[in-house]
Every structure is written in C-alpha cells, then in structure tokens.
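For reference, the structure is listed below as structure tokens.
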DNA sequence: CTCATGTCGATACACTGTATTGCTTCGCTG
DNA sequence: CAGCGAAGCAATACAGTGTATCGACATGAG
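Residue numbers (full-length UniProt numbering), protein chains in the order written: chain V, 1 to 228; chain R, 1 to 228.
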C-alpha cells in the first residue's frame, strides 16, 4: 500500500529525496524499459547504497506507483476547455503522448488503482468536465469507459511499436517478421478473414487509429450524456 | 542399497512436453499470480531440473506467451451466432470470465501481440462476424476498438479486485482502506467532483459496469457499421 | 566527557533467469 | 561384441534481483 506522504526529512539536509529517486528511476526506465529499473541501479545513479532508498520508499512496487504518478503530471492539462468532448479528447491525446515518451507507462496503465495526487487531479479534471451533464452514475460510466479504451488502445500501440522495433520491420511485413509460423498459419486457410485483413488491409498510422477509435467511443458517450 | 529397490528401470515419470509445462505454469499462476511463476518452480512441479525446460521453451517470456494462448482456448466460442453484436458481446463476456478465472491474464492482456493459434482463432472469429458489414478498414477499427475497451476494462476490474482483497474491504470503503491519505486528499476540497463521486456514487457491481460500458462501445460500432 | 540514539553502509540471504560443463547412456560401426 | 560418436540431461555456475539484518559511526543530550 502506497503512502504518498513524504516522510520527515532527515535531520541534516539529505542529498536524497523521493523526487530525485523517482527521477532517476524514470530516467532508467525511459531508456531500457521497466526491467532496467532495479533498486541497485537507481541507487548507483544517485551515488548511494541500495539500502538508502528504503528510507524513502518501502518497496519497489511503491517506486513504480510514484513513477506513474510523476508522469501523470505531464498528462494533467493546463486549461480547461468548456467543451467536455474536447476536454476528453485532449486528455486522451495527452495520455498518448506521455505514453509514447515513457513507453513503460503502458506496462503499468490500469495495473493498479492510481491514487497519487497527480492521478487524482487528472481524474478530478475529467470528472469536473462532465459534471452536471448527467446523473453521477452515468458520468462515472462515461469516464471509466473512455479510460478503459485509452488504456487498452495504448497498450496495444506500444506492444506493436516494440514488436516492430524488435524485428526492425514495418507492420506491413509483420507476418513475415514473426517468422514462417504466422504466415504458415494464415496460409492454412483456417483463418480466411484474418488473412484477408492482413494481406488486403491498409495499415493506417497509429495516431489516427487511436483518434478514430476514441471518436467512436466519444460518440457513444455523447449519446448517453445528452439523450435525444 | 538393497536388492529390492532394484528395478524401476524406466522411472521416467515425465513425457514432458510443452503442454505439461504450460499447464504447470498456469496452475502456479492461478494461485499466486504471475510472480509465483518461476522456471525453477515449474520444473520442480514436474519433477525435473530447471534446465530441462529449455528444451521446450527458449525463454520465460515465451512461456508467458504460451500461457496466454492456452487460456485463449477458453475464450474461443463454440457456436457462431449470426448477430454480430451478440457475437461481440459473447466474446467480451467470455474474455471476462476467463480473466476472472486466471487473474494473471489481466497483467498480460494487450502486453504483446498475440499470435498463438488460439488467439488467432479468436481474432478470426470476431473478424468473420463483422465481415462484409463494412469496408475492411472500418471492420478492423471496430474490432480493435472493442478489444481495446475489453483490455482496459478488465485490467481495471482486476486491479480493483486485488486492491479489495489486499485491504479486505469493499469498494465502498476504499477511501478509508487506502489510508487516511486519500481521504485527506479528498477533504482538502481540491477535488470536489471526485469527492462527490466517491461519497455519493453508488457502486454498481463490476459485471454490469463492464457490460454497460461494452454496450456503449457496441452502440458506437453499430453506428459506424450500418450508416444511417 | 560519556552515553544513548538513530542513521547509514556493508554484509547476507534466498531467489531469479540462463550459460556452461561434464557425465551418462544409447545406437551405430567395424 | 568392442569401441566410439553423439545426444540428452543433471549439476554447477554466474550475474543479478529485492530486501532483512547488523555493526559502526556520528551526533545529540546530560
């Protein structure tokens, strides 16, 4: 369980605080992924023994929580447009940009309840944008539905990015990239619709794909918020 | 060393193939989560040295992939209703039930491209259900949007289940469960909409919440598939 | 100056995924 | 049947992980 409160700082001004620890962890994760984040490496980057960290953080999971909340600060929008739909669109777009900047965020998105101050502020702002447009339950459902879409879509997008990077090939060629296995599968004729999709489908870029799906979901939300 | 414990010549207890390995890994993950799956423990459960596994599996990630594809078999529907919407609904429902049976699936959902035979079959069946209802790009967008929602919604649901289990408290009390911290945050007045949602919101059960959000998304998809 | 306290670095432990090594046993050849 | 090559498999080894514990040291109080 995460405690977001900063512990009382040591008597003397320490060269170390949560923020520096989290920043170091994020830097490591940004280039190397989540698996590159080890307490030893974080500590090393701060010229400190590994055990020092436990004065500020009680477990590695908590460090991950702190990292997530830290990047949620990048998601939090500055202004608040009065158009709720525009507001949700911007929120989704900012989440996407942040996830592209910090790919490891995709591994954590939706993984555990996000209760840090920045995450709460983000939730507050989206809730506020929808406040009064419908009864509370409907508003909650709207927020959760949109957020579920965002989580799922971004996880898939990052998964694809990584797969392409790993094989060095474009999505157009993924069936070859993933070895003869998938291609053989498709050629068995057991998956005609899938084969057609792979061979005949145009691959739209990830951004418009994300935006289009989002628009659909927002259409659905709009229909529920403002019943005809 | 007596004469009597002589023969048992084969004593070869294990045919040991991928299926047995994957089954053992799934059993471990089912009770203990993904982190309870270690190659040593899997091997131990099969009365085998850890290195034996590398004859059938080349990395732990691959084992995870195999586990995912194995449970995708539980998602694959038997019959194919001719109503595409019913088909998608059933697919989502089966995915949810499977994820509730194997909570670790939520940790893997959307994490990497799913190219196993069962996953391909599932994709094939949903694609086939929508085939011909619109141009290929629209159909793809529909499938991906629905699947993104499913991934995100199930991840959140499992995250909540775990949080409740960890604290032993119902969602109604989560603000207390997560310590005075969140409550204090809410009471600062900086999150009025959120506070209202927490205090005044009725907590609908997860199943109808999932189904309702899904219905909205399906509404949106329907509007795109069958333009007025 | 002495003593208590509490911070911090080092050490330690149990465990992880995986590479390597060396044995053992089987089937084939001469 | 003797011997040998090959192949499968167990054990060992290594570098790394998260975290508990312990001992030294510095700093404050009396």
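Ideal placement from N, C-alpha and C gives every residue a C-beta, glycine not left out.
The C-alpha of residue 186 of chain R lies about 10 Å from the C-alpha of residue 199 of chain R. Shown here for residue 52 of chain V: same chain residues with a beta carbon closer than 7 Å to its own, the five before and five after excluded, namely 16 and 43 in chain order. About 11 Å separates the beta carbons of residue 213 of chain R and residue 138 of chain V, which is beyond the 8 Å limit, so they are not a contact pair.
Listed in chain order, the positions of the region 204-223 of chain V with a beta carbon within less than 8 Å of a beta carbon of chain R are 204, 209, 212, 213, 216, 217, 219, 220, 221 and 223.
In this structure, residue 152 of chain V and residue 151 of chain R form a Cβ contact; the two beta carbons are roughly 3 Å apart against a cut-off of 8 Å. Closest in C-alpha terms to residue 70 of chain R, from the list R:46, R:25 and R:86, comes R:25. Contact annotation: in the UniProt domain "HTH tetR-type" (15-75) of chain R, no residue has its CB less than 9 Å from a CB in chain V. Residues of the region 144-164 of chain R that bring their beta carbon within less than 8 Å of a beta carbon in chain V comprise 144, 145, 147, 148, 149, 150, 151, 152, 153, 155, 156, 159, 160, 162 and 163, in sequence order.
Interface annotation for the region 129-141 of chain R against chain V: 131, 136, 137, 139, 140 and 141, criterion Cβ-Cβ distance under 8 Å. Note on residue 123 of chain V: 16 or more other CB atoms within 10 angstroms of its CB, so buried under the neighbour-count rule.
In the pairwise beta carbon analysis, the region 56-66 of chain R is classified as not touching the region 125-135 of chain R: fewer than three pairs are separated by under 8 Å. Residues of the region 80-113 of chain V whose Cβ lies closer than 9 Å to any Cβ of chain R, in chain order: 106, 107, 109, 110, 111, 112 and 113.
At least one CB atom of chain V sits nearer than 7 Å to the CB of residue 123 of chain R. Apart from sequence neighbours up to five positions away, the residues of its chain that approach residue 108 of chain R with a beta-carbon distance below 7 Å are 64 and 68, ordered along the chain. Against residue 202 of chain V, the close residues of chain R are 137, in the order they occur along the chain (beta-carbon pairs closer than 7 Å). For residue 58 of chain R, the three-state secondary structure derived from DSSP is coil.
The Cβ neighbour count for residue 209 of chain R, taken over all protein chains shown within 10 Å, is at least 16; the residue is labelled buried. Interface residue (Cβ-Cβ distance to chain R less than 7 Å): residue 225 of chain V is not classified as such. Residues of chain R with a Cβ closer than 7 Å to the Cβ of residue 119 of chain V do not exist; the shortest Cβ-Cβ separation is about 10 Å.
In the three-state reduction of the DSSP assignment, residue 153 of chain R falls in the helix class, which pools H, G and I.
Burial of residue 197 of chain V is indicated by the presence of at least 16 other C-beta atoms within 10 angstroms of its C-beta. For residue 198 of chain V, the nearest beta carbon of chain R is not closer than 7 Å to its own beta carbon. The alpha-carbon of residue 76 of chain V is positioned some 36 Å away from that of residue 36 of chain R. Contiguous alpha helix (DSSP H) elements confined to the region 183-220 of chain V occur at 192-200, taking only those with 4 or more residues. If you draw a 10 Å sphere on the C-beta of residue 112 of chain R, you find 16 or more other C-beta atoms in it, and that means buried. At a cut-off of 7 Å between C-beta atoms, residue 166 of chain V does not count as an interface residue with respect to chain R. If you draw a straight line from the Cα of residue 66 of chain V to the Cα of residue 188 of chain R, it comes to about 21 Å.
In this structure residue 149 of chain V does not touch residue 119 of chain R by the C-beta definition: roughly 21 Å separates them, more than the 8 Å allowed. Residue 117 of chain R and residue 82 of chain V have their C-alpha atoms some 48 Å from each other. Counting along the chain, the unbroken alpha helix (DSSP H) around residue 107 of chain R starts and ends at 104-108.
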